[in-house]
Structures are given as C-alpha cells and as structure tokens.
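Take a look at the structure below.
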Ligand SMILES: [Zn+2]
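In the working numbering, the protein residues as written are 14 to 390.
Take a look at the structure:
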C-alpha cells in the first residue's frame, strides 16, 4: 500500500528518484509550508509534464516540456534534483538511460529552505520513491547537482513548519514539526489550541531534517494528513455535561407469585373490567401477555402522583410467529425508538366490578407472576 504523501529531507544538491508503474497521470508536489515550489503533473495522453508553482496562493505560468518518454505500459522513473538555480528533472524507462531532461527555474524566493517533498499520486497504480541512483540521472545534471552540493548551504537552512492534522470521531489533533538548524521543535495537541512543545537536538542539521521527516512520515502512516493551520475550527469539547440527564431511579422489589388484582406486578392476572375481553394483539389477533401492571398509588413517594391515578398496564404479544410491525420514529442519540404495534400500554381506572375470568388457556407460555412489594431507590 503506497503512501500518498511522504516527507523527504530536501536541500540543494539533493535528488530523488520516483518509480512509476503503469502511470496514467500523477502529481508530485515539492512544498514549503503552504507554497508549492514545484508541481509536476504527468500527462500520458500528451507525452508531457505540466509544471507550475503556487506561491502565496497564486499559480504561475505553466511550463509544458515535450519529449517525456512516456508509455502507460512501461515502468518509468522520474528523477528530481535541486540545483543552484532550479529543479532538474530527468526521466527514462526503468533499466534504460535518461531520455528526458528539463530545468525548471526556482520561483519561490526561499527555495533553498526547502526540506520536504510532498507527493500526491492518488490515481497512480503504484508509486515508489527510490534512493538516488546516479546512473539514472543525466551526466550533465549529475555534475550540476554535485556542484550544488559543494555550495554547502546546509548549515543555515530555514524551513516552514510541516503541519499535519488528524480528525475522526474520537480524535481532533495536530502535529507540527519545525527544523531550526540542529534542533527539531515539535508542537502537538488539540486542534485550535497551542498544544505542547518539545525540542530535540541532533548533531548536524542534516540529521535533524532526516529526524523530522521520520517523525512526519510516522504520523502520515497513522492517518494524519497535511493541513493548513486555522482551516479547521476548534471543536467543542465532546464530553457532555451529563448532570442534566441524571434522574432518580427505583428498582422494584418483588416476591414470587401473584397477588390481588390491584397490586403492582410483573405478569399475573391484570385488573380487567367485568365482561371486558382479554386484550388481543392488533397484528395477529391472539391474546397478549401482561408484562406489568403498576398501581400508581403504590409508586415511590417522589413520583407517586406524577402520572395520575389508576393502573398502568402493558401488554405485549409473545405469540410465536408474530413479528409485529415497527413504525418509523425519530432517531435520537443514534437509536430509533422502535414503536411496535403489537403491544398495548394503557392507564385504566379500576372502578366498578372487575372481571373474574382466569388467564386464557391459549397463553400456554405465560410468564410466572412476580408481585412488586417495594421500591429501592
Ligand atoms: Zn401478535
């Protein structure tokens, strides 16, 4: 699985070789902070590269050198070197000699401060950055790069910080690396905050840049992506103030067996009016199970009169084969309130004579009754 971005320590005299397999098109960016010093667009159908720079948000004039040795069915390499006055590009078919060279003059004033290559190759089948191989760099370019290398610009390189962000349902964080001479300054934390800063000192500026790239590439592998500071607003804290949802709860204390018709209970015999038929299922028509009956006058003191007087009864169809029907409901906190139609919840007033009919015989798997005798807060 190729990486879509990679950081490479970059300076004048440095070169990198990129191997493309069956490329249709690809994009390579050489970045310094938010500026793109060089963007390379591979255009197979035109046998060319489209080259440009994005400086302070403004694109320059595109350059399109021809003669790029391109065939979508061949493996090709593209070498990039940083010379004294521009980027040196060379390319050829893998295993063959350089057949294409081009110099793209620097447009970014502080180009010598570049230390990263950022690559984007989403539409390439494969993309590999290989160590520099001088045999595949044209001789003239090679000598140019060697001359540049002797300029010894590496001691006072300045670079823009590299800034990455990671955002998902659990995390919202940034990671920034800045190289200042032999020192790496790392800043990390929650997006929108200044975060924490740590410093690390290396023996040479070159080692510091390599160390910085290593840190950045590790973060890229973890899913961080290059970003621009301030583009994402701070996210409000995810920890809800749960105090607002706190409610007192009561646990029913039960004894086995049924009690009077008016008692609070699970299962057992509900209070039904004289001659009232046993509730049946609106879906399948068969008798329903009494789930519970709560005598409102026996509820715990704080909520005793909150729901009125009478008996709160819930019947539910437990008959085999009755699936019920789920009504569509508002989604709340990621759940739908499943409003099943094969149930009956009602508040009855036990006035007048009660039914004396027993539990219907067809309710063969009726749950054993439990009487609620008390409530524990
Ligand atoms: Zn039913």
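Ideal Cβ placement from N, Cα and C applies to all residues, glycine included.
Name, in chain order, the residues that DSSP records as bridge partners for residue 91. 31, 104
Could you tell me which uninterrupted beta strand (DSSP E) segments, each at least 3 residues in length, are contained entirely in the segment 40-82, listed from first to last along the chain? 48-56, 61-68
Using 8 Å for Cβ pairs, my map puts residue 279 next to residue 302. What's the rounded Cβ distance? Not really, about 10 Å apart at Cβ, beyond 8 Å.
Does the Cβ-Cβ distance between residue 325 and residue 360 come in under 7 Å? yes
Could you please give me the residues that DSSP links to residue 191 through a beta bridge? 198
Is it the case that the Cβ atoms of residue 109 and residue 30 are separated by a distance below 7 Å? no
Inspect the beta-carbon positions of residue 282 and residue 271 and report whether they are closer than 7 Å. yes
Near residue 209, what residues of its chain come up, given a Cβ to Cβ distance below 8 Å and the 5 sequence neighbours on each side ignored? 200, 201, 202
Rounded distance between the beta-carbons of residue 363 and residue 307, thought under 8 Å: Actually they are not in contact, since the Cβ atoms of residue 307 and residue 363 sit about 12 Å apart, beyond 8 Å.
If the criterion is Cβ atoms closer than 7 Å, does the pair residue 90 and residue 62 meet it? no
Rounded C-beta distance between residue 375 and residue 304? I'm assuming under 8 Å. Their Cβ separation, rounded to whole angstroms, is 18 Å, which puts residue 375 and residue 304 out of contact at 8 Å.
Range of the contiguous alpha helix (DSSP H) that encloses residue 221: 218-234
Other residues of its chain near residue 224: CB distance less than 8 Å, five sequence neighbours each side excluded: 197, 213, 215
Quick one: does the C-beta of residue 241 sit closer than 6 Å to a heavy atom of ligand 1? no
Let me know the secondary structure DSSP gives residue 314 once reduced to three states. helix
For residue 240, collect the residues of the same chain with a Cβ closer than 8 Å to its Cβ; drop the 5 residues on either side in sequence, then sort them by chain order. 176, 177, 178, 187
Would residue 102 and residue 68 qualify as a contact pair, given that the criterion is a beta-carbon distance under 7 Å? no
If you draw a straight line from the C-alpha of residue 266 to the C-alpha of residue 183, how long is it? 40 Å
Output needed for residue 358: all residues of its chain with C-beta closer than 6 Å, excluding positions within five of it in sequence on either side, in chain order. 327
Segment limits, beta strand (DSSP E) that includes residue 211: 209-214
Verify whether the separation of the beta carbon atoms of residue 54 and residue 71 is less than 7 Å. no
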